[in-house]
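Novice: Input: one structure, supplied below.
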Amino acid sequence: MPRRFVVLWLVAVLVGLAAANAPTTLARLTGQGTSTYSMSTDTLAPPTGLAAGGPTTAALTWTASNDAYAAGYQVLRSTTSGSGYALVKTVTPGSSTSTTDSPGNGVFYYVLRSTFQNWLSVNSNEASVALGQTSTGYKACTAASNAADTGGNGDGYEVTAGNACADGGGNAVDSSSGTNTIASCANAGKDRHRWWDFGLGVPGTVASVDGIAVRADFGMNNNGGTTLLCAQLSWDGGTSWTAIKSITPTGAAETTYTFGGAADTWGHTWTGSQLSNSNFRVRIIDASSQSNKDFRLDYLAVNVTYTP
(Lines of atoms letter the chains of each structure in order from A and count residues from 1; the text may use other names and numbers.)
(Lines give C-alpha, C1' and ligand atoms only; values in the text may rest on other atoms or scores of the structure.)
Protein backbone atom coordinates (compact mmCIF):
# COMPACT_ATOMS: atom_id res chain seq x y z
CA MET A 1 0.00 0.00 0.00
CA PRO A 2 1.48 3.43 -0.90
CA ARG A 3 2.79 5.42 2.03
CA ARG A 4 0.30 8.28 1.58
CA PHE A 5 -2.62 5.87 1.94
CA VAL A 6 -1.10 4.41 5.13
CA VAL A 7 -0.87 7.91 6.59
CA LEU A 8 -4.45 8.76 5.62
CA TRP A 9 -5.62 5.48 7.11
CA LEU A 10 -3.86 6.18 10.44
CA VAL A 11 -5.32 9.68 10.61
CA ALA A 12 -8.81 8.33 9.93
CA VAL A 13 -8.43 5.75 12.70
CA LEU A 14 -7.30 8.40 15.22
CA VAL A 15 -10.15 10.74 14.33
CA GLY A 16 -12.64 7.90 14.71
CA LEU A 17 -11.29 7.01 18.13
CA ALA A 18 -11.46 10.62 19.28
CA ALA A 19 -15.08 10.87 18.23
CA ALA A 20 -16.07 7.70 20.05
CA ASN A 21 -14.22 8.27 23.35
CA ALA A 22 -13.00 10.98 25.72
CA PRO A 23 -9.54 9.78 26.76
CA THR A 24 -7.13 11.79 28.86
CA THR A 25 -4.20 11.06 26.51
CA LEU A 26 -3.87 12.71 23.13
CA ALA A 27 -2.02 11.24 20.13
CA ARG A 28 -0.26 13.32 17.47
CA LEU A 29 1.14 12.22 14.07
CA THR A 30 4.13 14.30 13.00
CA GLY A 31 5.75 14.31 9.55
CA GLN A 32 9.53 14.48 9.40
CA GLY A 33 10.89 15.31 5.95
CA THR A 34 9.35 13.26 3.19
CA SER A 35 9.76 9.71 4.37
CA THR A 36 9.28 9.24 8.16
CA TYR A 37 6.55 9.95 10.70
CA SER A 38 6.59 9.80 14.54
CA MET A 39 3.82 9.38 17.12
CA SER A 40 3.84 11.37 20.40
CA THR A 41 1.33 11.53 23.28
CA ASP A 42 0.35 14.08 25.93
CA THR A 43 -1.86 13.84 29.03
CA LEU A 44 -4.22 16.78 29.45
CA ALA A 45 -3.32 18.35 32.80
CA PRO A 46 -5.98 19.51 35.27
CA PRO A 47 -5.86 22.92 36.91
CA THR A 48 -4.10 23.09 40.27
CA GLY A 49 -4.51 24.87 43.59
CA LEU A 50 -8.32 24.93 43.57
CA ALA A 51 -9.68 26.96 46.51
CA ALA A 52 -13.21 27.95 47.51
CA GLY A 53 -14.50 30.81 49.67
CA GLY A 54 -17.87 32.16 50.83
CA PRO A 55 -19.87 33.19 52.73
CA THR A 56 -23.02 33.37 50.55
CA THR A 57 -21.65 32.48 47.09
CA ALA A 58 -18.92 29.94 46.31
CA ALA A 59 -15.97 31.90 44.91
CA LEU A 60 -13.64 29.42 43.17
CA THR A 61 -10.05 30.20 42.22
CA TRP A 62 -7.33 28.03 40.68
CA THR A 63 -4.10 27.98 38.70
CA ALA A 64 -4.68 27.33 34.99
CA SER A 65 -3.65 24.03 33.41
CA ASN A 66 -0.04 23.98 32.28
CA ASP A 67 -1.23 22.68 28.89
CA ALA A 68 -1.65 25.81 26.78
CA TYR A 69 -4.07 24.03 24.42
CA ALA A 70 -6.64 23.46 27.20
CA ALA A 71 -9.87 25.11 26.03
CA GLY A 72 -11.51 25.55 29.43
CA TYR A 73 -12.69 23.82 32.60
CA GLN A 74 -15.64 21.80 33.80
CA VAL A 75 -16.82 22.77 37.32
CA LEU A 76 -18.26 19.85 39.30
CA ARG A 77 -20.00 20.06 42.68
CA SER A 78 -21.06 17.58 45.38
CA THR A 79 -22.49 17.62 48.89
CA THR A 80 -20.26 14.63 49.77
CA SER A 81 -16.50 14.83 50.01
CA GLY A 82 -14.73 12.66 47.45
CA SER A 83 -17.73 11.47 45.43
CA GLY A 84 -21.08 12.32 43.88
CA TYR A 85 -19.82 15.22 41.74
CA ALA A 86 -22.20 16.67 39.15
CA LEU A 87 -21.35 19.08 36.34
CA VAL A 88 -22.32 22.65 37.26
CA LYS A 89 -20.86 24.72 34.44
CA THR A 90 -18.04 25.02 31.91
CA VAL A 91 -15.65 27.96 32.08
CA THR A 92 -13.63 29.21 29.10
CA PRO A 93 -11.00 30.07 27.96
CA GLY A 94 -8.17 27.88 29.22
CA SER A 95 -6.50 30.91 30.79
CA SER A 96 -9.45 31.38 33.18
CA THR A 97 -8.60 31.19 36.89
CA SER A 98 -11.85 31.97 38.71
CA THR A 99 -15.62 31.63 38.68
CA THR A 100 -18.57 31.67 41.09
CA ASP A 101 -21.40 29.29 41.94
CA SER A 102 -24.61 29.90 43.93
CA PRO A 103 -25.97 26.55 45.16
CA GLY A 104 -27.72 27.94 48.27
CA ASN A 105 -26.91 27.24 51.91
CA GLY A 106 -24.87 24.24 52.99
CA VAL A 107 -21.44 22.67 52.73
CA PHE A 108 -20.28 21.98 49.16
CA TYR A 109 -17.28 20.22 47.59
CA TYR A 110 -15.82 21.19 44.21
CA VAL A 111 -13.38 19.74 41.67
CA LEU A 112 -12.40 20.99 38.19
CA ARG A 113 -11.40 19.19 34.98
CA SER A 114 -9.57 20.65 31.99
CA THR A 115 -11.25 20.27 28.57
CA PHE A 116 -9.98 20.11 24.99
CA GLN A 117 -12.45 19.13 22.27
CA ASN A 118 -13.76 15.71 23.44
CA TRP A 119 -10.98 15.13 25.95
CA LEU A 120 -11.11 15.64 29.71
CA SER A 121 -8.38 15.69 32.32
CA VAL A 122 -8.53 13.92 35.64
CA ASN A 123 -10.07 15.82 38.56
CA SER A 124 -8.21 18.64 40.26
CA ASN A 125 -7.80 18.74 44.02
CA GLU A 126 -11.03 19.09 45.98
CA ALA A 127 -12.03 22.37 47.66
CA SER A 128 -14.91 22.83 50.09
CA VAL A 129 -16.92 25.81 51.31
CA ALA A 130 -19.73 26.36 53.83
CA LEU A 131 -22.28 28.85 52.50
CA GLY A 132 -24.90 30.78 54.41
CA GLN A 133 -22.88 30.78 57.63
CA THR A 134 -24.11 32.68 60.65
CA SER A 135 -22.99 32.87 64.26
CA THR A 136 -24.56 33.21 67.67
CA GLY A 137 -22.21 35.93 68.86
CA TYR A 138 -20.56 35.41 72.24
CA LYS A 139 -23.02 34.10 74.82
CA ALA A 140 -22.15 33.91 78.51
CA CYS A 141 -23.00 31.12 80.90
CA THR A 142 -25.67 31.45 83.58
CA ALA A 143 -24.24 32.26 87.03
CA ALA A 144 -26.05 29.50 88.91
CA SER A 145 -25.23 26.86 86.28
CA ASN A 146 -21.78 25.70 87.32
CA ALA A 147 -20.19 22.94 89.36
CA ALA A 148 -16.76 21.73 90.40
CA ASP A 149 -15.59 18.53 88.74
CA THR A 150 -13.57 15.80 90.35
CA GLY A 151 -9.82 16.31 90.18
CA GLY A 152 -7.27 18.30 92.11
CA ASN A 153 -8.66 19.68 95.36
CA GLY A 154 -12.17 18.74 94.22
CA ASP A 155 -13.41 22.32 94.58
CA GLY A 156 -12.72 23.84 91.13
CA TYR A 157 -13.30 27.60 91.17
CA GLU A 158 -14.32 27.63 94.80
CA VAL A 159 -14.73 31.43 95.12
CA THR A 160 -17.82 32.94 93.40
CA ALA A 161 -17.70 30.69 90.33
CA GLY A 162 -20.79 32.43 88.92
CA ASN A 163 -18.79 35.64 88.46
CA ALA A 164 -17.35 34.12 85.29
CA CYS A 165 -20.75 34.57 83.65
CA ALA A 166 -20.66 38.39 83.67
CA ASP A 167 -18.01 40.45 81.91
CA GLY A 168 -16.45 42.78 84.50
CA GLY A 169 -18.66 41.52 87.30
CA GLY A 170 -15.79 40.28 89.48
CA ASN A 171 -13.65 37.18 89.27
CA ALA A 172 -14.30 33.51 89.77
CA VAL A 173 -11.23 32.34 91.68
CA ASP A 174 -9.46 29.00 91.97
CA SER A 175 -7.15 29.43 94.96
CA SER A 176 -4.30 27.04 94.20
CA SER A 177 -4.81 24.91 91.14
CA GLY A 178 -4.58 21.37 92.47
CA THR A 179 -2.75 18.86 94.61
CA ASN A 180 0.60 18.77 92.79
CA THR A 181 2.98 20.93 90.77
CA ILE A 182 2.73 19.05 87.46
CA ALA A 183 1.89 21.51 84.67
CA SER A 184 -0.31 19.15 82.64
CA CYS A 185 -3.94 19.68 81.65
CA ALA A 186 -4.59 15.93 81.71
CA ASN A 187 -3.18 15.33 85.20
CA ALA A 188 -5.77 14.11 87.71
CA GLY A 189 -4.32 16.42 90.37
CA LYS A 190 -5.51 19.58 88.56
CA ASP A 191 -8.64 21.55 89.55
CA ARG A 192 -11.54 21.40 87.07
CA HIS A 193 -14.84 23.28 86.84
CA ARG A 194 -17.76 23.23 84.38
CA TRP A 195 -20.28 25.87 83.27
CA TRP A 196 -23.49 25.58 81.20
CA ASP A 197 -26.75 27.30 80.17
CA PHE A 198 -25.08 29.53 77.58
CA GLY A 199 -28.38 30.10 75.72
CA LEU A 200 -26.77 29.63 72.31
CA GLY A 201 -30.09 29.19 70.51
CA VAL A 202 -28.66 27.10 67.65
CA PRO A 203 -31.56 25.43 65.76
CA GLY A 204 -31.68 21.67 66.03
CA THR A 205 -32.03 21.47 62.24
CA VAL A 206 -28.74 23.19 61.30
CA ALA A 207 -26.97 21.74 58.26
CA SER A 208 -23.50 22.12 59.72
CA VAL A 209 -21.85 23.38 62.90
CA ASP A 210 -18.69 24.91 61.44
CA GLY A 211 -16.80 26.06 64.51
CA ILE A 212 -16.94 26.89 68.22
CA ALA A 213 -14.93 29.61 69.95
CA VAL A 214 -14.62 29.87 73.73
CA ARG A 215 -13.59 33.23 75.20
CA ALA A 216 -11.88 33.34 78.59
CA ASP A 217 -10.91 36.65 80.26
CA PHE A 218 -8.26 35.37 82.61
CA GLY A 219 -5.54 36.55 85.00
CA MET A 220 -3.37 35.25 87.88
CA ASN A 221 -1.87 36.42 91.16
CA ASN A 222 1.66 35.97 89.76
CA ASN A 223 3.39 34.91 86.59
CA GLY A 224 5.92 32.49 88.06
CA GLY A 225 6.51 28.91 86.97
CA THR A 226 4.69 27.19 84.10
CA THR A 227 0.97 27.86 83.71
CA LEU A 228 -1.65 26.35 81.41
CA LEU A 229 -5.30 27.30 81.07
CA CYS A 230 -7.19 24.40 79.51
CA ALA A 231 -10.68 23.88 78.05
CA GLN A 232 -12.95 21.02 76.95
CA LEU A 233 -16.47 20.86 75.52
CA SER A 234 -19.22 18.31 76.13
CA TRP A 235 -22.20 17.55 73.89
CA ASP A 236 -24.11 15.20 76.24
CA GLY A 237 -24.35 16.96 79.59
CA GLY A 238 -20.79 16.16 80.68
CA THR A 239 -20.65 12.41 80.00
CA SER A 240 -18.32 12.80 77.01
CA TRP A 241 -15.72 15.48 76.35
CA THR A 242 -13.66 16.72 73.43
CA ALA A 243 -9.89 16.61 73.47
CA ILE A 244 -8.29 19.27 75.67
CA LYS A 245 -7.21 22.61 74.22
CA SER A 246 -4.71 24.73 76.15
CA ILE A 247 -3.18 28.18 76.11
CA THR A 248 -0.14 29.53 77.95
CA PRO A 249 -1.00 32.89 79.55
CA THR A 250 1.25 35.72 78.45
CA GLY A 251 1.30 37.40 81.87
CA ALA A 252 -0.46 37.77 85.20
CA ALA A 253 -2.72 40.66 84.16
CA GLU A 254 -6.24 39.88 82.97
CA THR A 255 -6.18 39.11 79.24
CA THR A 256 -8.75 37.84 76.77
CA TYR A 257 -7.85 34.40 75.39
CA THR A 258 -9.72 32.35 72.77
CA PHE A 259 -9.94 28.58 72.44
CA GLY A 260 -11.03 27.20 69.05
CA GLY A 261 -12.56 29.43 66.39
CA ALA A 262 -15.12 29.82 63.61
CA ALA A 263 -13.70 26.86 61.65
CA ASP A 264 -12.69 24.64 64.59
CA THR A 265 -15.13 21.90 65.65
CA TRP A 266 -12.84 20.58 68.41
CA GLY A 267 -12.63 17.19 66.70
CA HIS A 268 -16.36 16.49 67.04
CA THR A 269 -19.21 16.54 64.50
CA TRP A 270 -21.88 18.61 66.22
CA THR A 271 -25.63 18.75 65.78
CA GLY A 272 -27.78 21.70 66.75
CA SER A 273 -29.40 19.77 69.60
CA GLN A 274 -26.01 19.03 71.16
CA LEU A 275 -25.57 22.77 71.69
CA SER A 276 -28.72 23.12 73.78
CA ASN A 277 -28.60 24.17 77.44
CA SER A 278 -29.33 20.62 78.54
CA ASN A 279 -26.43 19.12 76.57
CA PHE A 280 -23.64 21.66 76.08
CA ARG A 281 -20.93 22.17 78.73
CA VAL A 282 -17.60 24.01 78.96
CA ARG A 283 -14.97 22.69 81.36
CA ILE A 284 -11.98 24.77 82.46
CA ILE A 285 -8.90 23.04 83.86
CA ASP A 286 -6.12 24.89 85.72
CA ALA A 287 -2.56 23.59 85.59
CA SER A 288 0.51 25.14 87.20
CA SER A 289 3.97 24.17 88.40
CA GLN A 290 3.35 26.36 91.49
CA SER A 291 1.18 25.10 94.35
CA ASN A 292 0.17 28.61 95.41
CA LYS A 293 -0.99 29.88 92.00
CA ASP A 294 -4.41 31.57 92.03
CA PHE A 295 -6.43 31.45 88.78
CA ARG A 296 -8.90 34.31 88.19
CA LEU A 297 -11.61 33.94 85.55
CA ASP A 298 -13.53 37.16 84.88
CA TYR A 299 -15.59 36.08 81.86
CA LEU A 300 -16.48 32.85 80.03
CA ALA A 301 -18.48 32.96 76.78
CA VAL A 302 -19.11 30.83 73.67
CA ASN A 303 -19.64 31.76 70.01
CA VAL A 304 -20.91 29.11 67.56
CA THR A 305 -20.57 29.50 63.78
CA TYR A 306 -23.01 27.35 61.79
CA THR A 307 -24.73 26.89 58.46
CA PRO A 308 -28.56 26.93 58.71
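Going by this note's numbering, the sequence shown runs without a break in its numbering and finishes at 374.
Glycine included, C-beta positions come from ideal geometry on N, C-alpha and C.
My assumption, with CB atoms under 8 Å, is that residue 215 sits in contact with residue 258. Please give the rounded CB distance.
Specialist: 4 Å
Novice: For the 8 Å Cβ check, are there 3 or more pairs between the segment 189 to 208 and the segment 302 to 311?
Specialist: no
Novice: According to DSSP, simplified to helix, strand and coil, what is residue 229?
Specialist: helix
Novice: Going by other Cβ atoms of all chains shown within 10 Å of its Cβ, with 16 needed for buried, is residue 341 buried or exposed?
Specialist: buried
Novice: Since residue 361 and residue 240 are thought to touch, with beta carbons under 8 Å apart, how far apart are those beta carbons, to the nearest angstrom?
Specialist: Confirmed, about 4 Å.
Novice: With respect to the beta strand (DSSP E) encompassing residue 181, which residues constitute its N-terminal and C-terminal limits?
Specialist: 172 to 182
Novice: What number of angstroms, rounded off, separates the C-alpha of residue 109 from the C-alpha of residue 133?
Specialist: 9 Å
Novice: State the start and end residues of the unbroken beta strand (DSSP E) segment that holds residue 193.
Specialist: 193 to 197
Novice: Which residue spans inside the segment 231 to 305 form an unbroken beta strand (DSSP E) run of at least 3?
Specialist: 238 to 241, 257 to 261, 274 to 286 and 293 to 300
Novice: Among the candidates 122, 190 and 183, whose CA atom is the shortest distance from the CA of residue 167?
Specialist: In terms of CA proximity to residue 167, 122 leads the group 122, 190 and 183.
Novice: Taking all protein chains shown into account, decide if residue 237 is buried (16 or more other Cβ within 10 angstroms of its Cβ) or exposed.
Specialist: buried
Novice: Which residue from 334, 161, 356 and 117 puts its Cα closest to that of residue 143?
Specialist: 117
Novice: For residue 87, which residues in the same chain have their Cβ closer than 7 Å to its Cβ, ignoring the five residues on either side in sequence?
Specialist: Any reading at residue 87 needs caution, since the residue's pLDDT is 44, under 50, leaving its predicted position unreliable; the model's value is listed next. Within the same chain, no residue comes within 7 Å of residue 87 by CB-CB distance, once the 5 residues on both sides are set aside.
Novice: For residue 266, count the other beta carbons within 10 Å of its own beta carbon; 16 or more makes it buried, fewer makes it exposed. Which is it?
Specialist: Under the 10 Å beta carbon count, residue 266 is surrounded by 16 or more other beta carbons and is classified as buried.
Novice: Could you spell out the range, first to last residue, of the beta strand (DSSP E) harbouring residue 155?
Specialist: Segment 152 to 157, the beta strand (DSSP E) holding residue 155.
Novice: Taking the C-alpha atoms as reference points, what is the distance between residue 293 and residue 355?
Specialist: 7 Å
Novice: For residue 329, which option in 364, 339, 366 and 274 has the closest C-alpha, if you only look at C-alpha atoms?
Specialist: 274
Novice: Please say whether residue 271 and residue 338 have beta carbons closer to each other than 8 Å?
Specialist: yes
Novice: Taking C-alpha atoms, which residue in 199, 253, 325 and 172 lies nearest to residue 147?
Specialist: 172
Novice: Taking just the CA atoms, how far does residue 119 sit from residue 277?
Specialist: 16 Å
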